[in-house]
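Since the structure comes first, as structure tokens, the remarks are kept for the end.
2 protein chains.
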Amino acid sequence: MSFINRLIKNQNLSPVKLIVLFYFLAILISTAILNVPLFWQEGQTLSLFDSLFTAISAISVTGLSVIPIDQVFNTAGYFALSFIFQLGGIGIMTMGTAIYLMLGKKIGIRERQLISIDHNQATFSGLVRLTKKILQTILVIELVGMVVLSIHYLNYFDTWQEAWLQGYFASVSATTNAGFHITGVSLIPFADDYFVQFIQIILMILGAIGFPVLIEIQQWLIDRKNRKKGFRFTTFMKLTTTTYFLLLIFGMVIIFLIEHNLAFADQPWYQSLLSSLFNSVSTRSGGQITSNIAEFSTPTLIVLAFLMFIGASPSSAGGGIRTTTFAVMLLSVYNYAKGRQSIKVFQREISHRDTIRSFVVLTTAISLTLIAIFVLSITESFSILELAFEVFSAFGTTGLSLGITAELSVIGRIVIMVMMFIGRIGIFSFLFLISSPPTKDLYRYPEARMLIG
Amino acid sequence: MSFINRLIKNQNLSPVKLIVLFYFLAILISTAILNVPLFWQEGQTLSLFDSLFTAISAISVTGLSVIPIDQVFNTAGYFALSFIFQLGGIGIMTMGTAIYLMLGKKIGIRERQLISIDHNQATFSGLVRLTKKILQTILVIELVGMVVLSIHYLNYFDTWQEAWLQGYFASVSATTNAGFHITGVSLIPFADDYFVQFIQIILMILGAIGFPVLIEIQQWLIDRKNRKKGFRFTTFMKLTTTTYFLLLIFGMVIIFLIEHNLAFADQPWYQSLLSSLFNSVSTRSGGQITSNIAEFSTPTLIVLAFLMFIGASPSSAGGGIRTTTFAVMLLSVYNYAKGRQSIKVFQREISHRDTIRSFVVLTTAISLTLIAIFVLSITESFSILELAFEVFSAFGTTGLSLGITAELSVIGRIVIMVMMFIGRIGIFSFLFLISSPPTKDLYRYPEARMLIG
Ligand SMILES: [K+]
Ligand SMILES: [K+]
Chain A
1 MSFINRLIKN QNLSPVKLIV LFYFLAILIS TAILNVPLFW QEGQTLSLFD
51 SLFTAISAIS VTGLSVIPID QVFNTAGYFA LSFIFQLGGI GIMTMGTAIY
101 LMLGKKIGIR ERQLISIDHN QATFSGLVRL TKKILQTILV IELVGMVVLS
151 IHYLNYFDTW QEAWLQGYFA SVSATTNAGF HITGVSLIPF ADDYFVQFIQ
201 IILMILGAIG FPVLIEIQQW LIDRKNRKKG FRFTTFMKLT TTTYFLLLIF
251 GMVIIFLIEH NLAFADQPWY QSLLSSLFNS VSTRSGGQIT SNIAEFSTPT
301 LIVLAFLMFI GASPSSAGGG IRTTTFAVML LSVYNYAKGR QSIKVFQREI
351 SHRDTIRSFV VLTTAISLTL IAIFVLSITE SFSILELAFE VFSAFGTTGL
401 SLGITAELSV IGRIVIMVMM FIGRIGIFSF LFLISSPPTK DLYRYPEARM
451 LIG
Chain B
1 MSFINRLIKN QNLSPVKLIV LFYFLAILIS TAILNVPLFW QEGQTLSLFD
51 SLFTAISAIS VTGLSVIPID QVFNTAGYFA LSFIFQLGGI GIMTMGTAIY
101 LMLGKKIGIR ERQLISIDHN QATFSGLVRL TKKILQTILV IELVGMVVLS
151 IHYLNYFDTW QEAWLQGYFA SVSATTNAGF HITGVSLIPF ADDYFVQFIQ
201 IILMILGAIG FPVLIEIQQW LIDRKNRKKG FRFTTFMKLT TTTYFLLLIF
251 GMVIIFLIEH NLAFADQPWY QSLLSSLFNS VSTRSGGQIT SNIAEFSTPT
301 LIVLAFLMFI GASPSSAGGG IRTTTFAVML LSVYNYAKGR QSIKVFQREI
351 SHRDTIRSFV VLTTAISLTL IAIFVLSITE SFSILELAFE VFSAFGTTGL
401 SLGITAELSV IGRIVIMVMM FIGRIGIFSF LFLISSPPTK DLYRYPEARM
451 LIG
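So, in structure tokens, the structure goes:
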């Protein structure tokens, strides 16, 4: 931390600019790595531009791809790629969580006491310990996922090497919500395998639910084991988890209602329900599929696009505007319509500042995605639905696609790369990135009233 | 006023609910009127449901139609219809302006002094005088428009009766931004007539720029004539007018850049520019066309849809989220990114309350239009672009369409009717309509910090 602190001071870099700088570096290095022919299958070639796209997609754990990953890369390439999205996924969790903790340190004494209790902050100190903790947790999850999947995959693949490779890649890709696959067709070969889908759902949820949430659950379990009382989940944890699961159920129900007699018509109701759940989980950021989603009806695709735009929880491997932004925004509108002065939730109040922030994030996100769709509508010849779906998928770092990624023009690919990058660093960081240093109000003007809406 | 005040007190009705009640009544009466066979051409028939659609479209001055107006109604019917959208247009201007004035009366003494100066409020008192003033202004504009257009129309129509009928209808429809037409094809017959388009542009702008703005310009002209000094335009007037014209220019430039070599390819550059300006003005709420807009390319249609969503200025005949909402929202994001504490514009500050309000309006508008598009995607078999265009047109009470209105299913028509109604009364009124009475904070909770975006 002290090295980073000094760097920030000396170079006059804001922490956000530093994070973005790290990301740029990571993308450059990853592009160089993926462009090494050593990692390609025989006879395959990969342009620098396609390497860049793949690197950004991996670092941002999106999973959109302009190349058939399984055909271009060899086994060493698979490992290289998985290391890149592993780092991308863990990187953002660490940095997101660090920002979350730093936020708690910039506030008044009275509030700090309250928040200190609220956060169970005593459990961690310092970025290094935090990174270690995140790394440990994620690796344990991935390891368990790998073992379980690999053993099961012995039923599918000829050699145990192939089964373990597939199990390893699938587990890391699901846990980091990367959405890459080396089956060539995501999880479509396991469309009837409830076990694989169940494991994938668990892994994707653990990766998308937010690292602060995982820490709190861990602490809660430890306290329970030690019969230590007084542990309280934070309001943040309650709000983000509730929103996460409400969106999950919302998505599942809507997809089930629409597709049960359409895309899932030949499935029994429980498989149809599982498929609906799987797709709902996938839109949170996982990006895996068990069927060709282009066969879904338009209303379903609208819902999927909407869910991708909201994305995962903060400090998770997912993107989008984040669950908390969506929740605070909904609560604000609800409370405003109710004529209430403050936003109350779980016996806490949401600050004015966070309310404005969530609206700013929403507005910027809508503006950016709209501009992206507009630009694509000029450069590409796909339908608005296909283009919007691609943009929301990139912004949500989800990686679902109606199959147009590889057919995008150069400008189209650049637009998608920019959206993946912004989706990854988050709107909030993006705004600080393009902003000037904060200024103090040197003078004030009288207020003017406006007619709004 | 005292009668209305008593009604509000006795019936425990909020002013907003009263306004909505008035609108409901107006719609019912208009439906009944339009359903009288006396107003139909021989051999024509009009169902009650289609009468309802036409009535809502007229009261909300949208202009979307499920029937060919020119073929269904006779001359008496044209007059009946024009009276209905005349009342709709003037009604909303009156009520909007009244709300604007009332806002100025509910605030503290110090602020009231500032605003009182700022608003030049001394110029009007009482709703009746205000209505009279609006009626006068609009009728004068319409009269001038009618005389100019009718005389010019003598070149087009065989009889002077027909020319004056067309001139009357066109002038009222343009000034109230109703968007209805009895030519059967809007202004397409005048596609090469720069004079007609110029007059239409002037009339549509006067109707969409907001009545408070018209009052202020009037007062400014009177003061100038009397060599009276000290007049200052209000911040609201400056902001809404600047936004209005910036959007106008933005729309014109974008449409020109995209369509100059496409839809306008056979036009000289100045005609192409005028066509671009005309379409840009039209999206503000006018809803007239000089060519088949379905022939525009997709990027242009996206821009048109975006402009319709924003809509016209508050207290005008137009709908949408309104120019001020859009301006305050953009200024907020800009100031937030700049790290500023307050939003300064034209040497005034925009209150926190108005900021939140504009975000609430935006969020609700996006949610409602999204739900509408989702429902239409289930019930209709048109492309997302066509459906979204129709929904934004209804919400912006613009009335432009890619030609699907008459082909909508019953549920589709109901959705469009609801959107026209909400677009008309405004999101702000809509929120108050569905909300419970304001409550006081009886207790407070400590603040919880959130990770946003
Ligand atoms: K992903
Ligand atoms: K209109």
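Protein chains in written order, with the UniProt record's numbering: chain A, 1 to 453; chain B, 1 to 453. Every residue gets a Cβ at the ideal spot worked out from N, C-alpha and C, and that includes glycine.
Quick one: is residue i near chain A, going by C-beta distance under 8 angstroms?
i	result
residue 332 of chain B	yes
residue 360 of chain B	yes
residue 374 of chain B	yes
residue 455 of chain B	One cannot answer for residue 455 of chain B here, as it falls past the ends of chain B, which runs 1 to 453.
residue 122 of chain B	Because the pLDDT of residue 122 of chain B is 39, which lies under 50, any placement of that residue in the model is unreliable, and the number read from its coordinates should be weighed accordingly. By this cut-off, residue 122 of chain B is not an interface position.
residue 116 of chain B	Residue placement at residue 116 of chain B is poorly supported in this model, since its pLDDT is 37, which falls under 50; the coordinates still yield a value, given next. No - not a single Cβ of chain A is within 8 angstroms of the one on residue 116 of chain B.
residue 336 of chain B	yes
residue 408 of chain B	no
residue 363 of chain B	yes
residue 385 of chain B	yes
residue 377 of chain B	yes
residue 189 of chain B	no
residue 302 of chain B	yes
residue 298 of chain B	yes
residue 356 of chain B	yes
residue 329 of chain B	yes
residue 404 of chain B	no
residue 293 of chain B	no
residue 370 of chain B	yes
Within the 8 angstroms Cβ cut-off, does residue i reach chain B?
i	result
residue 163 of chain A	no
residue 431 of chain A	yes
residue 85 of chain A	no
residue 18 of chain A	no
residue 306 of chain A	yes
residue 105 of chain A	In this predicted model, residue 105 of chain A has a pLDDT of only 47, less than 50, meaning its place in the structure is not dependable; the value taken from the coordinates is given anyway. Residue 105 of chain A does not count as touching chain B.
residue 541 of chain A	Chain A is shown from 1 up to 453; residue 541 of chain A falls before or after that span and cannot be answered.
residue 366 of chain A	yes
Quick one: what's residue i bridged to in DSSP?
i	result
residue 144 of chain A	Beta-bridge pairing links residue 144 of chain A to no other residue.
residue 344 of chain B	B:349
residue 40 of chain B	B:73
Stretch-stretch touch, CB-based, cutoff 8 angstroms, three pairs: the segment 300 to 314 of chain B with the segment 388 to 407 of chain B: Yes, they touch.
Residues proximal to ligand 1 by C-beta, any heavy atom closer than 7 angstroms: Around ligand 1, the residues whose beta-carbon falls short of 7 angstroms from at least one of its heavy atoms are A:61, A:62, A:63, A:177, A:178, A:179, A:285, A:286, A:287, A:397, A:398 and A:399, given in chain order.
Whole runs of the alpha helix (DSSP H) within the segment 176 to 253 of chain A, excluding any shorter than 4 residues: 194 to 208 and 211 to 225, all fully within the segment 176 to 253 of chain A.
Segments of 4+ residues assigned as alpha helix (DSSP H) that fall wholly inside the segment 374 to 410 of chain A: Qualifying alpha helix (DSSP H) stretches, in chain order: 384 to 395.
Continuous beta strand (DSSP E) assignments of at least 3 residues falling wholly in the segment 243 to 328 of chain A: Contiguous beta strand (DSSP E) elements confined to the segment 243 to 328 of chain A do not occur, taking only those with 3 or more residues.
Three CB pairs or more closer than 8 angstroms across the segment 163 to 176 of chain A and the segment 33 to 47 of chain A: Result no; under three Cβ-Cβ pairs closer than 8 angstroms.
Any 3 or more C-beta pairs closer than 8 angstroms across the segment 256 to 268 of chain B and the segment 359 to 376 of chain B: No, the segment 256 to 268 of chain B does not touch the segment 359 to 376 of chain B.
The segment 48 to 59 of chain B in contact with the segment 420 to 433 of chain B per 3-pair CB rule at 8 angstroms: Contact holds between the segment 48 to 59 of chain B and the segment 420 to 433 of chain B, because three or more Cβ pairs, one in each stretch, are under 8 angstroms apart.
Given 8 angstroms, three or more beta-carbon pairs between the segment 321 to 328 of chain A and the segment 353 to 365 of chain A: The segment 321 to 328 of chain A, when compared against the segment 353 to 365 of chain A, does touch it at the 8 angstroms Cβ threshold.
Validate contact between the segment 199 to 216 of chain B and the segment 238 to 252 of chain B using beta carbons, cut 8 angstroms, 3 pairs: Yes, they touch.
Segment contact, 8 angstroms Cβ cut-off, at least three pairs: the segment 312 to 326 of chain B with the segment 402 to 416 of chain B: Because the criterion of three Cβ pairs below 8 angstroms is not met, the segment 312 to 326 of chain B and the segment 402 to 416 of chain B do not touch.
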